[in-house]
Amino acid sequence: MPQAELTTRIKVLATIGVMFALLLAALDQTIVGTALPRIVAELNGLDRYSWLITGYLVASTVIVPIAGKLGDLFGRKPFLIAGMVGFVAASALCGVAQDMNQLIVFRIIQGLFGGMLFASAFTVLGDIYTPAERARIQGLFGAVFGLSSIIGPVVGGFLTDNLGWRWVFYVNLPVGLLGVLVVSAFLPFVRTKASWRDIDFIGSGALAAGLIPVLIALSVAKDQGWTSIEVLSLLGFGL
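Number 1287 in the numbering used here belongs to position 54 of the sequence shown; there are no gaps in the numbering.
Next up, the structure:
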């Protein structure tokens, strides 16, 4: 359906659904931080706790280039819905994790689906709005990132203190499911003429090979020190 044929009501509701998806992915970059002491106290693994943040960040970053093209290939609406469903499922798994290794693995899976949401949320704007309208909506989506960085630690601390650390993951379930319902009902389906040949797997792999060590180095530098051989080696390999 062309953008001109979409009513204002449909555009608003579809945008709200996409904002739910973006909020999910952005919020989980910050909401977990305040729960880390409780997580470590219950699951142990003090030497690995930083991977709860690093794993999510690395996974969500490296999947974005491929996810954007896959959304063009299969249709942005079903790809966005799949990302939200996967993110909700991964959040539930994080909430029931029984040890630190399990939680790290589930966080990485959550990060992969979060990257799908990041990639889809902005590209899907082209299916809803004309070029003249997109700048204003992109600014609104940018505000979601800013809001998540502010409320994430606050919400995470409140949930951890009152309900337990597992609720920093369980809180994603109602938000995500509501987003799936809204997106399913109101976001138009648009499929481009992209093909598998349009996906630069080699370039994406090279980007991941450079980004992963740099992101890991930036994450572990506070514990290892900027001049440690591990950090310097990671930075050297990535750059």
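By construction, the Cβ of each residue, glycine as well, lies at the ideal position given by its N, Cα and C atoms.
| Asked | Found |
| --- | --- |
| If we call anything under 8 Å between Cβ atoms a contact, is T1287 one with P1386? | no |
| Expressed to the nearest angstrom, what Euclidean distance is found between the alpha-carbon atoms of L1326 and N1277? | 18 Å |
| Contact check, L1306 vs A1254 under 8 Å by CB: the rounded distance? | Not confirmed; about 19 Å, so no contact. |
| Could you check how far apart the C-beta atoms of G1344 and A1292 are, in whole angstroms? I think they sit under 8 Å. | 3 Å |
| Do the region 1317 to 1324 and the region 1402 to 1409 meet, that is, are 3 or more Cβ pairs less than 8 Å apart? | yes |
| Is it the case that the Cβ atoms of V1464 and A1442 are separated by a distance below 8 Å? | no |
| For R1399, I'd like the list of residues in its chain whose CB is within less than 7 Å of its CB, leaving aside the five on either flank, ordered along the chain. | G1328 |
| Leaving out the 5 sequence neighbours to the left and right, which residues in its chain are closer than 8 Å to F1419 when beta-carbon positions are compared? | I1243, L1246, A1247, G1250 |
| In whole angstroms, what separates the C-alpha of I1489 from that of F1378? | This structure cannot settle anything about residue 1489, because the visible part of the chain is limited to 1234 through 1472. |
| Between which two residues does the alpha helix (DSSP H) holding F1483 run? | Here the chain covers residues 1234 to 1472 and nothing more, so residue 1483 does not appear. |
| Nearest CA to the CA of L1303: which residue from T1393, G1348, A1368, F1320? | G1348 |
| Determine the DSSP secondary structure at P1298, reduced to helix, strand or coil. | helix |
| Measure the C-alpha to C-alpha separation of V1415 and F1391 and round it to an integer number of angstroms. | 27 Å |
| Just to confirm, is the Cβ distance from L1350 to L1257 under 8 Å? | yes |
| How should G1316 be labelled, buried or exposed, when 16 other C-beta atoms within 10 angstroms of its C-beta is the threshold for buried? | buried |
| Specify, as a first and last residue, the run of the alpha helix (DSSP H) that W1400 falls within. | 1400 to 1403 |
| At what residues does the alpha helix (DSSP H) containing A1330 begin and finish? | Here A1330 belongs to no alpha helix (DSSP H), and DSSP marks it neither H nor E. |
| When burial is assigned at 16 or more other CB atoms within 10 Å of the CB, is S1381 buried or exposed? | buried |
| Distance, Cα to Cα, L1373 vs E1366? | 11 Å |
| Roughly how many angstroms lie between the CA atoms of W1284 and L1396, to the nearest whole one? | 23 Å |
| Shortest alpha-carbon distance to G1353 belongs to which of D1261, K1310, V1273, P1421? | According to the sequence shown, residue 1353 is Ser rather than Gly. If we check each option's Cα against that of S1353, K1310 comes out closest. |
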